[in-house]
Amino acid sequence: MRRPMRHLILSTLLLLGLAPAQATPQPPLVEHQLTVHIDPATGTLEASDRLRLPAGLEDTLLLLDAGLTPTVGDETATLTPVGRRGHLAVYRLRHAGTGPVTLDYRGQIRHGLRRQIEGVGRDRQWSLGTIDSDGIFLSGASGWYPLLPGQRLRFALDVTLPAGWIAVSQGSGPGAAPESGRSRWRETQPQESIYLVAAPFTLYRDSSEGIATQVYLRTPDPTLARRYLDATATYLRDYGARIGPYPYAKFALVENFWESGYGMPSFTLLGSRVIRLPFILHTAYPHEILHNWWGNGVYVDADSGNWSEGLTNYLADYWQRERAGTGVEARREMLKAYADHVHHGEDVPLSAFRARHDGGSQAIGYGKGAMVFHMLRRRLGDETFDAGLRRFYADNGFRAAGYAELRRAFEQVSGTDLGDFFAAWVERPGAPTLALDGVRLEQHDGQIEVHGEIRQTQPGAPFPLYLPLRLALPDDSSRTVWIDTTERTQAFGIALEQRPLALAVDPGFDVFRTLLPGETPVALGNLFGAEQGLILLPSRAPAALLDGYRALAERWRAGHPGWRVALDSAFETLPEHGAIWLLGWENRHRATFERAVPAPTAAPPTQRLDGLDSIVLTAARGEQPLAWLGTELAEALPALARKLPHYGKYGYLGFVGARAENRLKGQWPSGPSALTQRFAPASR
């Protein structure tokens, strides 16, 4: 019989010498023993919850979805309605006994799907909670079980559904024969909420080193399931070796009945289209698995900022890119996303980030957060950084933790005071802007010395920097020197045995900073991140194409008052300010756009490239971003409208067919950087 995971974690950590630094007591737990019957066809739920409350909660508030009618089944307890909080009804529960309290309740939960706009052309669907014939989605926020605010919980859950339906929750389950309609789940570790997801799934099972691996698909597909089962085993093994033992009994991929990307404790809920994208196995999927260490294994102290998205992004999405040899590009893309989406007056420190709601919040919480952990890793070194991760995990398993606990863990393993680092990068908004000045070569006693200054030119105080300077040498080698500075102006002098060819400051984008002109070319992100813009429709296009372009433009404009849609005939010349989209081969301003396209062009707009039905290009007139989309397939425009906002890092794209399958993508080459100084060859 497998030992409880918490005991396994603690014993393993003790063997590694990583016992918690302090015995912080767990908050008291509410125990739920739930028996639930659900009818998807009518959206109704009938449940009984046997609650065991900790001492001190003899008089407490309790919340339940307003569509449910509760009764208390104990003579020693009373339940009194006292108000509403949105879709939740608020009750006061009083009980005089020492034993459990049983609540019976029934009713209907059908809140439906809502749309949240996250940027130009980007939105997502979500639900407070619903029971539907297509599927069931019930989070703690829906109030499908009695919520006691501020309390953690553990639970046993017995769900009865129509035959063929399977329920999924966190913890261990779903039992031996869930296809009969009976699913059983149990989680003994402290949880923040209880999830219940159900559908007529086909279940695929395996295991990896004692951890159950599961895939729940709405349409049988053993090949797809095997890919996910194998990937799950690999990620569980890799992350467990790096951070510490996986904290749950299983990990499951669950197919949702709308397009989503949710990470719950011990499972992820992804949309049907998402799970069939080949790159998801190497991007979003490891991200959701890793959240079971960060966010669902160590909880986020919401009062001090959501650190888990940045750390998970760094150790999953970014880490995959670094292993593939594209870490430099990944770091530059995070800096560019910050430049594109975080507008003046909208920047906040990491300590104020709670969750992603648009491109700007994502660029801060996910991108800047990841870059801060990257800078910490560069400063401490790989081994010490990983030791800090293990310490943080060991000290805070199933507890709420914040940046203060992260700082403490990294200080303990490094013996370094990181107060200035965390104060600047977590508590302050913004980024440094760097300038390279006064670079010169001097020769002393037969040795070459490179001298110069690095200045921080942004308003406000300087940031603490651990900054790489790379010198290119004539023998095709290079030398990198790291400068540790907290000064606004930092002088440097580097002695060399041979005359360098060039000096570059932070050429690999290892520091979170403002990108300078030339360091990053124009891309779709410049347009999708713009607060104001204009979309020009081709007045001379055939009716079907014009209608398709108009539908695309209106979808992108929705929810963004700074964007306008107009016919190209309304303008004699293109406005010189604001982002501009030109739609259609027939657009009268296409020639103006072509003159701004970088040369040499990888995808010239004057010709229809062989085999491509739809082409997208970006260009710039000074600092004004431009983009052009041309197609002859009106039926491809709905897919392009949905897909293009997710290609923000690319400068040119090509697609084929009505489903707009991508066949060409790339970035324009970068120009010269003001942080690079080239030296003339030595005279002979």
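Numbers 855 to 1538, taken from the numbering used here, label the letters of the sequence shown in order. Cβ coordinates follow ideal geometry from the N, Cα and C atoms, glycine included.
Identified DSSP bridge partners for residue i
i	result
K1104	A1066
L906	The sequence given here places Arg at residue 906; Leu does not occur at that position. Paired residues: E885.
A1488	Paired residue(s): none; A1488 is not in a bridge.
K1519	L1507
R939	L942
S1468	T1485 and F1509
H949	A931
G1115	L1124
F991	T984 and V1051
I1097	Its beta-bridge partners do not exist; DSSP assigns none.
Y959	A901 and P924
R1333	L1325
E800	The structure shown does not extend to residue 800, since the chain is modelled only from 855 through 1538, so no value can be given for it.
T1339	L1319
C-alpha gap between residue i and residue j, whole angstroms
i	j	result
L1057	A1066	12 Å
T1374	S1527	9 Å
R1294	E1440	53 Å
P1415	N1146	39 Å
T1014	Q1478	59 Å
L1350	Q1344	19 Å
P1523	P1016	57 Å
A1085	D1240	22 Å
A1512	L1391	20 Å
L1131	Q1352	51 Å
A1206	S1158	7 Å
L917	H891	20 Å
G1213	Y1139	20 Å
V1022	L1050	6 Å
Y1102	G1025	6 Å
G940	R1442	51 Å
F1252	R1006	10 Å
L1406	D1155	41 Å
T1530	F1317	21 Å
G897	L1421	47 Å
F1227	Y1168	7 Å
G1372	A1397	41 Å
G966	S981	6 Å
G1347	W1279	27 Å
Residue i vs residue j beta-carbon contact at 8 Å
i	j	result
D1274	P1322	no
D919	V955	no
G1520	Y1501	no
I1048	S1037	no
R1008	E1041	yes
F1264	L1230	yes
S1120	K1104	yes
W1417	A1495	no
R1324	A1358	yes
D903	P1044	no
T835	S1215	What the structure shows of the chain is the stretch from 855 to 1538, and residue 835 is not part of that stretch, so it cannot be assessed.
P1328	L1355	yes
Q1312	G1284	yes
Y1542	G1164	Lying before the first or after the last residue shown, residue 1542 is absent from the chain, which here runs from 855 to 1538.
T932	R948	yes
G1256	W1161	yes
DSSP-derived helix/strand/coil call for residue i
i	result
R964	strand
Y1506	strand
T1451	A quick correction: the sequence has Val, not Thr, at residue 1451. Correct three-state label for V1451: coil.
W1147	coil
R1442	coil
A1473	strand
Q876	Reliability of the predicted coordinates at Q876 is poor, the pLDDT of 48 falling under 50, and the value obtained from them is presented with this limitation in mind. In the structure shown, Q876 sits in coil (DSSP, three-state: anything other than H, G, I, E or B).
L1480	strand
L911	coil
V1196	coil
W998	coil
W1173	helix
R1532	strand
R856	Model confidence at R856 stands at a pLDDT of 32, short of 50, so the residue's coordinates are unreliable; what they give is reported in the following sentence. Residue state, collapsed to three classes: coil.
D1155	coil
Contact with chain D by residue i, beta-carbon distance below 8 Å
i	result
H1197	Absence of chain D from the displayed structure is noted, only one protein chain being present.
Exercise for the section: Taking only runs that begin and end inside the region 1251-1304, name each unbroken beta strand (DSSP E) of 3 or more residues, in chain order. Expected result: Whole beta strand (DSSP E) segments, 3+ residues: 1288-1298.
Exercise for the section: Report the residue ranges of all alpha helix (DSSP H) runs contained in full by the region 1346-1432; include only those spanning at least 4 residues, in chain order. Expected result: 1378-1382 and 1397-1411
Practice task
Could you pull out every unbroken beta strand (DSSP E) segment of at least 3 residues lying fully inside the region 1004-1080, listed in chain order?
Solution key: 1006-1014, 1020-1022, 1036-1045, 1050-1053, 1056-1062 and 1065-1071
Handout entry: Those runs of the alpha helix (DSSP H) which lie wholly inside the region 1198-1246 and span at least 4 residues
Key = 1213-1216 and 1223-1234
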